[in-house]
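Below is one structure, written out as structure tokens; comments come after it.
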Amino acid sequence: MILKVRDLVSGYQNKRVLHGLSLEMEEGEVIGTIGHNGAGKTTFLKSLFGLLPPWGGQIIYQGRNITGRKPELNVREGIAFMPQGQGLFPDLTIMENLEMSSFGLDEVTYKRRVRHVFELFPILEERKKQRAGTLSGGEQRMLSLGLTLMREPTLLFLDEPSLGLAPRIVQVVMNTIAEINRQFNNSIILVEQNFEQVKKVAKKIIVIKLGKIVFSGVLDPAMDKRELWKYF
Amino acid sequence: MDLFWQLVINGLSLGSIYLILGISWGLIFAVTRTFHFAHGATFVVAAYAAYLGQQMGGHLILAALAGIIGAVLFGLAIERFLYRYLRRAFATPLVIFIAALGTLITVENFIAMGFGTDAKPLEGFPIKVIKIGRVGFNNLHVFMFVTAAVLLIGLIFYLRRTKNGKALRAVISNPEMAEVLGIDVQKYFLLAFGIGSFLIAPAAVLVTIERGATPDLGHWAILYSFMPVIIGGIGSIPGAALAGIIIGLAESIGIWKISSQWQLGIAFVVLVIVLIIKPTGLFGFRVYRGKI
Amino acid sequence: MDYLLHILIMIFIYAILGLSFNLILGYTGLIAMCHAAFFAIGAYTSALLGIHFGTNFLIGILAGMVITGMVSLLVAIPAIRVRDEYLIVTTLALLMIVYTILMNWIDLTRGAAGLSGIPRPSIWGYQISTPFSFVPLLGGFAILCFLICWRIVHSPFGRVLRAIREDEIAAESLGKNVRAFKIWVFVAGGALAAIAGSLFAHYMTYISPANFTINDTILIFAIVIIGGVANAWGPVLGAVILVSVMEALRFLEISPVIVGFTRQIAYGLVLIIFMCFRPHGFLGEFVTAIKRKEEKKINSATNAEKAFSALSQRGKVEELFQFPNGSAKSATILQLAGVSKSFGGLKAVNQCSLDLQTGEIIGLIGPNGAGKTTLFNVITGFYSPDEGSIKFAGKDITNLPAHQITNLGIARSFQDLRLFAHLTVLDNVLVARPRQTGESLVGIFLHFQRVAKEEKENRQKAMAYLEFVGLADRAEELAVNLSYAEQKLLSLARLLATEAQLILLDEPASGLDPKVMEDLFPLVKELVKYGKTICIVEHNMEVIRAMVDEIVFLNAGRIIARGSPEEIMKSPELAEIYFGV
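Protein chains in written order, with this note's numbering: chain L, 107 to 338; chain D, 1224 to 1515; chain Z, 389 to 969.
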């Protein structure tokens, strides 16, 4: 059991968003998290990663209590987060972006991991001197993923990786996520609105609605999408 | 024609100082988003630290060093003990500004009390007049220009080539993402203040050599620190540098036409014109996103 | 004794300066560095008129106010257009330029030598020359200025100033011309400072630029800060404290030069220490709110239903939501035709055409980034469309500014609420009331009765709106102290108070308990009975199903479907689009 979450309560200022979430995750698992906007999916990931201090509940990672721990410490221990939208530094080049995700790494490890990222995303190597803000949407997303991979994370949080991308690119991004899971056997919690793509990558699905988990389990990939309205 | 070159040289030497003031303040503002009004206090601290250094028997070089050390220590202290405290207490920008204003006044007047208001000189710079044709200037002007160029190039090099410099650009570009990658943003705030304070010291030393140090230079300095940044565009170091030179040249030409006492008015006119035509500044584009 | 009177007189003068600066800084939140410049312009204008033309000091005061008003207008118009940081820069530059002019326009101002021989004030031939006789004169002016500031601060105009300080965008969205208010307060504050300047000149009979340096701006800052920002009495207290301290230092046997520096250091330290430990000064406008983490028990929402039915029985709801004049029930209230808006290369809204009828409740849904909030922003005037037209009740509103659009009858709520945190619940709603005579300076000083009458009516109406949402018993509470659900209700009450016909709600249900929502839905649905049209952006389908008549489906900036919730949710194609292809 790589991650155990118990009764997580969280929110912003005086707005409570999560009303007690519980979850158990095995090593190597990919969990897809869907739900309507504002249901609390991003709040969930941010609370797990330490960007948002939880109001209550517990987060246990590899047997250790990491509730409310700051991202700096989590990053050093192999937990990485890809935020929604532009999860990179637009004014820095691709190489510089990757460098920013390498604090604490020695030269050899750094070079090796950059290699890995370029193997996974050859287009990034081609454009490595280009400013990240001038990349296409898909390329930016790949860079964001690449930044998390610099940590070779054992636990990875991805916040809507398909957001704003053309359908063809979404395919590529999702396939890459599946590939990452295969190569590194890491555990991934994936937040998405795009159920079609999520179901290809994640066997287990949880649905968050109004700050609570209203479904947790396996959804039939062939199910009629119109069934989903009731969860949103 | 000679007059033209004379004006240009005057303008460049003025502009050199404004350039340094602008890039030093601009870096701090872009990284930390703090309207560091007390940067003017850093200027006076540097000037008087240099003066003190010389009084204690130091060579000009050592005095300059004293100025730099004084500036850096002061700048770091303000960030670490004042601004960071206020930020943690969720202070609004207005509150931080007023505290910085108070700091500037307190420092200026402590110095006035301790040293008096007469201009304190910095000796030891061998001033030599150079004449090319009928255009005359002195080597201090050249030195100012060279210093500004060196500092600008050095800063750009630092920001482009070193890991910490890149981290500063990262914080400018997307501070939330910096946190996500585990970068210690508070540490880089300190670094920005350290570098910004380090940069302003040479300007203080040069100005002191040229006309002597007075306590009220603080509010002169802060004004000429953010004017180039506003005109050049927030977040753009080259923009602030260029704006500094432009202000210097404009003032130089303006002084020729009008009395020198109206100098400040010229800079103000440039500012108003730029704000009306392009409110984001000459090179400013997205707010706080910097091209270095 | 004379000396004590002198202190009293200086207190009067600095109290006027503090009061006038408080209007600008404390109430409106504008960081203006040039107050000493207004002080100076008033002083020099009056002095010069007195010296060269022997004009009566009252004329001098008036002239000083006019000139200062013009200068402050000149500065405000460009400066207020841009970000607040630029105001610091421009006002600081103004201060230093005025100082430079005073020092260098020797022909006019005699430069550093200053102007001496300024005539003492005389009233009906009686000359005021002793400190004793100055006291009633200056005291009188001080009281007059205090009353003016008091009137401003406790009027609807003052209320809008505080709203602007709290959240400009929200104020704009409630129909207030924020830019105009800022300019007005800047000019008014400057004019009052000029009065202090003229009085100062005629009292001292000698002025020089040294009286009007940045040090004096700092003193004025300190007066306002120490006494308490945004409090009518604060600057008075601040003036008393600081002027007394300032003068008391003279008694210590130190050279006057050192005293000068010590004073300044004291002011500087006052600013730092107060910002660190007591940012709201001794009196302050409000005590710091304790941050609440847990949601409070909400009885208010469950009372809403009861309140509502009680209200309707008394027929009050009819009053609250009067039918708009002359519009039939099924008129087309909003017409979008081919509206587009791009940011950079991205077309956030792409050729949208939409008609809304009076009395409809429409839900706007779409996947993330479909352009829903952008559409709201375009309709309400926060963005100008790149192409297309928008008509409201037949009138073209395409390029009107946001506050005008609100005044015509469209109002919107914000995802992040944007309440006026440190205003009371009642004040939040009062700000939203339209057509207040008391929101202009002319109104509050020339139309006392009308303003008082309107205020009374508006209070009643505001309380009625609060009763409608069940917050009447919290009317005097600060908005920041409410629970999240109560804040949501307040935002709704505020919106309704604008009397808008078309109401745009941006994610009204987010962050609310299902129980609260159950009570909220009927409230909102009732509104259409009175001719309101409601458009809701929502992501929660239960809310949509319960509240709306029709759904408009947005995707990638285009409207791709419109129909009842059942129709929309029956469509396999739309499900594909929403849940991803």
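Beta carbons: idealized from backbone N, C-alpha and C, even for Gly.
Cutoff 7 Å: residue i Cβ touching any chain L Cβ
i                 : result
Gly968 (chain Z)  : yes
Met1400 (chain D) : yes
Ser952 (chain Z)  : no
Ser730 (chain Z)  : no
Arg1392 (chain D) : yes
Gly1462 (chain D) : no
Asn987 (chain Z)  : Residue 987 (chain Z) is absent from the structure shown; chain Z starts at 389 and stops at 969.
Asn1362 (chain D) : no
Partner residues on chain Z for residue i, Cβ-Cβ distance less than 7 Å
i                 : result
Gly1488 (chain D) : Ile485 and Thr488
Ala1335 (chain D) : Phe649
N-terminal and C-terminal residue of the beta strand (DSSP E) that residue i is part of
i                 : result
Ala1322 (chain D) : Element bounds for Ala1322 (chain D): not the beta strand (DSSP E) but the alpha helix (DSSP H), Pro1316 to Phe1338.
Ser293 (chain L)  : Ser293 to Val297
Ala881 (chain Z)  : Per DSSP, Ala881 (chain Z) belongs to no beta strand (DSSP E); it is in the alpha helix (DSSP H), Tyr872 to Ala885.
Ile939 (chain Z)  : Glu938 to Asn943
Asp894 (chain Z)  : Leu890 to Asp894
9 Å Cβ cut-off: residues of chain Z touching residue i
i                : result
His142 (chain L) : Glu926, His927, Asn928 and Met929
Contact with chain Z by residue i, beta-carbon distance below 7 Å
i                 : result
Arg332 (chain L)  : yes
His1262 (chain D) : no
Phe338 (chain L)  : yes
Phe263 (chain L)  : no
Phe301 (chain L)  : yes
Gly1456 (chain D) : no
Gly270 (chain L)  : yes
N-terminal and C-terminal residue of the alpha helix (DSSP H) that residue i is part of
i                : result
Thr479 (chain Z) : Asp472 to Asn492
Ala420 (chain Z) : From DSSP, Ala420 (chain Z) is part of no alpha helix (DSSP H); its letter is neither H nor E.
Glu842 (chain Z) : Phe836 to Val857
Glu132 (chain L) : Here Glu132 (chain L) belongs to no alpha helix (DSSP H), and DSSP marks it neither H nor E.
Ile909 (chain Z) : What sits at residue 909 (chain Z) in the sequence shown is Phe, not Ile. Counting along the chain, the alpha helix (DSSP H) containing Phe909 (chain Z) begins and ends at Pro902 to Leu915.
Phe195 (chain L) : Taken as a continuous stretch (DSSP letters only), Phe195 (chain L) belongs to no alpha helix (DSSP H), as it is neither H nor E.
Leu796 (chain Z) : Ala790 to Leu796
Nearest-angstrom beta carbon gap, residue j and residue i [assumed within contact, 8 Å]
i                 : j                 : result
Ile721 (chain Z)  : Ala799 (chain Z)  : Going by Cβ atoms, the distance from Ile721 (chain Z) to Ala799 (chain Z) rounds to 13 Å, so no, they are not a contact pair.
Ala186 (chain L)  : Leu124 (chain L)  : No, Ala186 (chain L) and Leu124 (chain L) are not in contact; Cβ-Cβ is about 21 Å, not under 8 Å.
Gly1325 (chain D) : Leu659 (chain Z)  : 3 Å
Tyr1411 (chain D) : Ala1427 (chain D) : About 24 Å separates the two Cβ atoms, so there is no contact after all.
Ile753 (chain Z)  : Gly1488 (chain D) : That pair is no contact at about 57 Å.
Gly117 (chain L)  : Trp161 (chain L)  : 6 Å
Neighbour list for residue i in chain L, Cβ cutoff strictly below 8 Å
i                : result
Met957 (chain Z) : Arg332 and Trp335
Contact set between residue i and chain D, taken where Cβ atoms lie within less than 7 Å
i                : result
Glu205 (chain L) : Lys1386 and Lys1389
Glu178 (chain L) : Gly1405 and Asp1407
Leu480 (chain Z) : Leu1446
Contact set between residue i and chain D, taken where Cβ atoms lie within less than 8 Å
i                : result
Gly417 (chain Z) : Leu1317
Ile660 (chain Z) : Leu1305, Ala1322, Gly1325, Thr1326 and Thr1329
Any C-beta of chain D under 7 Å from that of residue i
i                : result
Asp326 (chain L) : no
Asp197 (chain L) : yes
Gly193 (chain L) : yes
Pro623 (chain Z) : no
Val181 (chain L) : yes
Proximal chain D residues relative to residue i, where beta-carbon distance stays under 9 Å
i                : result
Phe150 (chain L) : Under the 9 Å cutoff, chain D gives no residues; its nearest Cβ is about 15 Å from Phe150 (chain L).
Chain-ordered chain Z contacts of residue i [CB-CB under 8 Å]
i                : result
Leu124 (chain L) : The contacting residues do not exist; Leu124 (chain L) stays about 11 Å from chain Z at best.
Leu316 (chain L) : Pro902 and Asn928
Does the segment 507 to 526 of chain Z come within contact of the segment 438 to 454 of chain Z, defined as at least 3 CB pairs closer than 8 Å? The answer is yes - the segment 438 to 454 of chain Z touches the segment 507 to 526 of chain Z, with three or more Cβ pairs under 8 Å.
Do three or more CB pairs link the segment 892 to 907 of chain Z to the segment 917 to 931 of chain Z at distances below 8 Å? Output reads yes: the segment 917 to 931 of chain Z touches the segment 892 to 907 of chain Z.
Quick check: the segment 397 to 411 of chain Z against the segment 593 to 600 of chain Z, are there 3 or more CB pairs under 8 Å? With contact defined as three or more Cβ pairs closer than 8 Å, the segment 397 to 411 of chain Z and the segment 593 to 600 of chain Z are not in contact.
Would you call the segment 610 to 619 of chain Z and the segment 403 to 419 of chain Z touching, i.e. three or more CB-CB distances under 8 Å? The segment 610 to 619 of chain Z makes contact with the segment 403 to 419 of chain Z: 3 or more CB pairs, one atom from each, lie closer than 8 Å.
Does the segment 639 to 653 of chain Z touch the segment 1331 to 1338 of chain D, meaning 3 or more C-beta pairs lie closer than 8 Å? Yes: the two stretches touch, three or more of their Cβ pairs being nearer than 8 Å.
Would the segment 1303 to 1312 of chain D and the segment 1271 to 1290 of chain D be scored as touching if the rule is three or more Cβ pairs under 8 Å? Taking 8 Å as the limit for Cβ pairs, the verdict is that the segment 1271 to 1290 of chain D does not touch the segment 1303 to 1312 of chain D.
Counting beta carbon pairs with one atom in the segment 630 to 637 of chain Z and one in the segment 459 to 476 of chain Z, are three or more of them shorter than 8 Å? Touching, no, given that fewer than three Cβ pairs across the two stretches are closer than 8 Å.
Evaluate the contact criterion for the segment 553 to 567 of chain Z versus the segment 802 to 820 of chain Z: three or more CB pairs, one atom per stretch, below 8 Å. Yes, since at least three Cβ pairs between the segment 553 to 567 of chain Z and the segment 802 to 820 of chain Z fall closer than 8 Å, the two stretches touch.
Assess contact between the segment 294 to 304 of chain L and the segment 257 to 271 of chain L, defined as three or more Cβ pairs (one per stretch) separated by less than 8 Å. Is contact present? A contact between stretches requires three or more CB pairs, one per stretch, nearer than 8 Å, and the segment 294 to 304 of chain L meets this requirement with the segment 257 to 271 of chain L.
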